[in-house]
Amino acid sequence: MARDTGIGARVKRVEDQRFITGKGRYTADLNRPGQAHAAFVRSPHAHAKVGSIDKASAMEVPGVLAVFTGEDLAADEVGALPCGWAITSKDGSPMVAPGHPCLAQGKVRYVGDPVAVVIGETLSAARGGAEALEVEYEELPAVVDLDAAQSSDAPLVHDEAARNTAFEWELGDKAATEEAFAKARHVTRIDLVNNRLVPNAMEPRAAVGEYDSGTDGFTLYTTSQNPHVARLVMSAFLNIAPEHKLRVIAPDVGGGFGSKIYVYPEETVCVWASSKVDRPVKWTCDRAEAFLSDAHGRDHLTHAELALDEQGKILGLRIKTKANVGGYLNLFASSVPTYLYATLLSGQYDIPAIYAEVDAVYTNTTPVDAYRGAGRPEATFVVERLIEVAARETGMDPAEFRRRNFVTSFPHQTPVIMMYDAGDYAASLDKALELIDYSGFAQRKSQAAREGKLRGIGFSTYIEACGIAPSQAVGSLGAGVGLWESAEVRVNPVGTVEVLTGSHSHGQGHETTFAQLVADRLGIPMTNVAIVHGDTDKVQFGMGTYGSRSGAVGMSAISVALDRVVAKAKKVAAHLLEASEGDIEFKDGQFTVSGTDRSIDWTSVALNAYTAHGFPSADLEPGLKEGAFYDPTNFTFPAGCHICELEIDADTGHTRIVNWVAVDDFGEIINPMIVEGQVHGGIAQGVGQALLEHTVYDESGQLVSGSFMDYTMPRADDLPSFSLDFTVTRCPSNPLGIKGCGEAGAIAAPAAVINAITDAVGHEDVAMPATAEAVWQAIRKSPAREAAE
Amino acid sequence: MAMKMTGEYTLPADRETVWQALNDPAILEASIPGCEEFEKVSDTEFNALARVKVGPVKARFRGNVTLSDIDAPNSYRISGEGQGGVAGFAKGGALVTLSDAEGGGTVLSYDVDAQVGGKIAQVGQRLINGAAKKTADQFFDNFRRQLDPDHAAPDAAAG
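Here the protein sequences line up with chains A and B, keeping their order.
Reminder that position 218 of the first sequence reads as 237 in the working numbering, one-by-one numbering, no gaps.
Reminder that position 76 of the second sequence reads as 79 in the working numbering, one-by-one numbering, no gaps.
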């Protein structure tokens, strides 16, 4: 049976049956007896002082139960949302990170910043109250443009953050890098914009907060990627309730991409308000609110330089990046443009010297935090654009230039913290070149030119650091938490198994892949395994799902717990078979005394573990349940080669991706079908960033791309049928050899697309998103224009 | 977000009559599309409540209207600021200038410079100029009718 369902099997997702038949149970599906509804009143101004709020104006609306403002939260000592990762500036000073009040305390700092909440008997009453609530604002000048925000005459978002700067951070060896550039034969210089993205998970955020005055306990049902972290923050920083009095349940969650890692004002206010009105309080975000209030992604301005010797070997790399953090430094926002970004600037390359400077800058815009890839897409875009441009400037083939500079021996210590443990970058590149028929490209390009099309090819040989993360390492870099994962394996008397995991599934398919691991190891059918997650009363603790960590860290915890279960089961089997524990072998669900035909099956061992008849009590406890807290020894380093081939209509600027090859090395793969789905989705998101998605604020800080009328998500007809393949180098730093696959596509894709477009138009001046209009404009400036005409 | 709009209408009345109408709260109230309240605070200040629809965003805007830079019977600036609840806000003004039309009547020209914010800017930005133009057309259509209730003549518009 293990062959059909075990590790490596292409098992259909168990959870899809309920998702595609409408049986999923999302937060918005939950309705509690006596429930009231919340509507948030949000700032229409990017920057303003909040004057008087006339609660009576909303209370007059029939059905309104209560109106709360920042003053009410302050009176209850509800804290502000913190940033959980401390970054130190290069001058030694700590980052400047004022907390984000859940409801405004005197000032609003972006359009959509919550000012008040109205609780109503019905959603309609709550919205009517929000509509009627009179709030006085004294508008202040807003700072919106990232490039101008640090100038001395820019308005201040936070009075305590001079020049709107949260921190000025550096990584790497400045002197060694300067030396490398001094002796360079050629230096490539580029300026890049990494466009801001709105996450747009299919399911908007939602919350139902419920207070039980009988037990003085709270329950929060919410759309979270990490319910235990939400509980920890609400307990330790926000003062909602101590952890043993607060249960957080994240039921089915419809996508997160990072945006549901964080603790937000709305969820916090719902659970707090439930005790004030002594009724459950429900809130479901609408799409327009989501555009304003979900943490955005990316938004960097970068100047990057690459130094080469006369043989085309890289001598050094340096970058200066301004990262827009929005109006507040969000929960993990400080780590994204620093330790998740600059640590990946070595790419797949052996670069002797790297120096990175990153300024985190406040503006009157929605806070920016991790979004699928979180820092690593930004790093890959910088490195892979630099590499491509450097190859073109020095007249080298971009594939050959990469190969010449690849890291080829492992472990490899980069100049920017990371130690790559395993990989074979040339193997991925070679396979990808073959799949795309690289040698036939020139012919395809001239054929396209005859048809008035500009054809281009672009590479992205990306690397990422996943399996986040060794607690010791992240602690030394400023993280406020450890990033291990927990698991508990409970065997029932009939031999069925419940796995309690601290990972959280919101589209990843854990109920399938985790069950595959258990089936494989215990030799039982997958249908006898239940994966339990997303409830702080069931799972003791967990760090959740993001950073492609659930396989490498979450499953490793399950693997260690399974080892312990098998060890205990062997003791039981030894007792039952009257043999020595050391002589028991366990294979395919059978315990056998080595070298004999005496054996007992899994189900009998499980049953006897609970009947416990005749157990020598001093040596053998009844029951069969083990847990583990697994802390990885290193990050994992998924890497691969994506090649994008596209055609541009020279008359309209419309880009059509005609072929996409991805050869990824994710280490060991549990379920190839699920991995392929992750790669497909990741590439789609990366192509969305490269071609379509753009978050635009006007100069007064109004979000003018705030709906799907103006913000373009990728659709199926924007994408080709992908050609995927894999190479495998086993990850040495976890027991399963897994590297992770959840973010790779989004990390690799933008550089591949822009490298292909710039190849097609013949110059480097193409920014994301490369819409048809932008590409058409680029063609007007292009030396390739004549070629097509 | 900024919204700018200019236009011109020819009205079938002399300059003095048009000027009087532009300063008459009852005529303004009857002319403002969706106006539910228009209350005179002083000769140059009014409070207003109007229903507005921009694409999918519907709201009731409550605000004040002030007349300034008055040069009778030639021009004034009409400015205001309104709160539309969760729909956001609108503020700004228009310079309104009157001149004699060739062959009788009065040419009214306006130059609007306004800011809108919140949901109305977020969701309605592509629709806002069209909605504003439509509102202005409706206003002057109503205004013309007030000037000359017996001879409402749509073909007099030359916006």
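Ideal Cβ placement from N, Cα and C applies to all residues, glycine included.
Can you tell me which of the three DSSP states residue i falls into?
i	result
residue 730 of chain A	coil
residue 549 of chain A	strand
residue 631 of chain A	coil
residue 44 of chain B	strand
residue 686 of chain A	strand
residue 610 of chain A	strand
residue 678 of chain A	strand
residue 599 of chain A	coil
residue 362 of chain A	helix
residue 460 of chain A	helix
residue 455 of chain A	coil
residue 647 of chain A	strand
residue 657 of chain A	coil
residue 736 of chain A	helix
residue 786 of chain A	coil
Looking only at its own chain, which residues have a Cβ that is under 8 Å from the Cβ of residue i, when we skip the five neighbours before and after it?
i	result
residue 702 of chain A	661, 679, 681, 738, 741, 764, 765, 767 and 768
residue 445 of chain A	422, 425 and 427
Indicate whether at least one CB of chain B lies closer than 8 Å to the CB of residue i.
i	result
residue 18 of chain A	Shown here, chain A extends from 20 to 808; a query on residue 18 of chain A therefore has no answer.
residue 728 of chain A	yes
residue 70 of chain A	no
residue 130 of chain A	yes
residue 721 of chain A	yes
residue 658 of chain A	no
residue 311 of chain A	yes
Distance, Cα to Cα, residue i vs residue j?
i	j	result
residue 290 of chain A	residue 415 of chain A	60 Å
residue 256 of chain A	residue 100 of chain A	7 Å
residue 562 of chain A	residue 646 of chain A	15 Å
residue 771 of chain A	residue 677 of chain A	13 Å
residue 420 of chain A	residue 378 of chain A	31 Å
residue 261 of chain A	residue 629 of chain A	35 Å
residue 113 of chain A	residue 188 of chain A	10 Å
residue 430 of chain A	residue 424 of chain A	16 Å
residue 348 of chain A	residue 774 of chain A	32 Å
residue 156 of chain B	residue 64 of chain B	Residue confidence is low: residue 156 of chain B scores 46 on pLDDT, short of 50, so the model does not pin down where it sits. Its coordinate-derived value is still stated next. Each residue's Cα considered, the two are about 30 Å apart.
residue 97 of chain A	residue 249 of chain A	15 Å
residue 19 of chain B	residue 80 of chain B	17 Å
residue 100 of chain B	residue 12 of chain B	11 Å
residue 548 of chain A	residue 5 of chain B	59 Å
residue 384 of chain A	residue 191 of chain A	30 Å
residue 53 of chain A	residue 158 of chain A	39 Å
residue 308 of chain A	residue 461 of chain A	48 Å
Kindly indicate if chain A contains any beta-carbon less than 8 Å away from that of residue i.
i	result
residue 129 of chain B	yes
residue 122 of chain B	yes
residue 4 of chain B	yes
residue 133 of chain B	no
residue 89 of chain B	yes
residue 92 of chain B	yes
residue 118 of chain B	yes
residue 163 of chain B	The structure shown does not extend to residue 163 of chain B, since chain B spans only 4 to 162, so no value can be given for it.
residue 57 of chain B	no
residue 126 of chain B	yes
Give me, in chain order, the residues of the same chain whose beta-carbon lies closer than 6 Å to that of residue i; leave out the 5 immediate sequence neighbours on both sides.
i	result
residue 692 of chain A	29
residue 689 of chain A	26, 532 and 535
residue 321 of chain A	211, 338, 340 and 401
residue 138 of chain B	36
Less than 7 Å between C-beta atoms, sequence neighbours within five positions excluded: which residues of the same chain meet that for residue i?
i	result
residue 276 of chain A	218, 220, 390 and 391
residue 57 of chain B	123, 127, 130, 131 and 134
residue 61 of chain A	131, 132, 133, 134 and 311
residue 590 of chain A	600 and 639
* To do: Scan the stretch 278-337 of chain A and note each continuous alpha helix (DSSP H) run of 4 residues or more that stays entirely inside, going in chain order.
  => List check, alpha helix (DSSP H) in window: 284-295 and 306-312.
* To do: Note down, one range per segment and in chain order, each alpha helix (DSSP H) of at least 4 residues found wholly within the stretch 243-282 of chain A.
  => The alpha helix (DSSP H) runs of length 4 or more contained entirely in the stretch 243-282 of chain A are, from start to end of the chain, 246-255.
* **Whole beta strand (DSSP E) elements within the stretch 84-148 of chain B, 3-residue minimum** => Segments of the beta strand (DSSP E) lying fully in the stretch 84-148 of chain B: 92-103 and 109-120.
* To do: Quick one: which unbroken alpha helix (DSSP H) runs of 4-plus residues sit fully inside the stretch 31-74 of chain A? Chain order, please.
  => List check, alpha helix (DSSP H) in window: 35-39.
* Go through the stretch 471-534 of chain A residue by residue and report every complete run of the beta strand (DSSP E) that reaches 3 residues or more, in order. => Unbroken beta strand (DSSP E) stretches of 3 residues or longer found wholly inside the stretch 471-534 of chain A: 472-482, 504-510 and 516-520, given in chain order.
* Within the stretch 137-197 of chain A, ranges of the beta strand (DSSP E) (whole runs, at least 3 residues) -> If we require 3 residues or more, the beta strand (DSSP E) runs fully inside the stretch 137-197 of chain A come out as 153-158 and 184-191.
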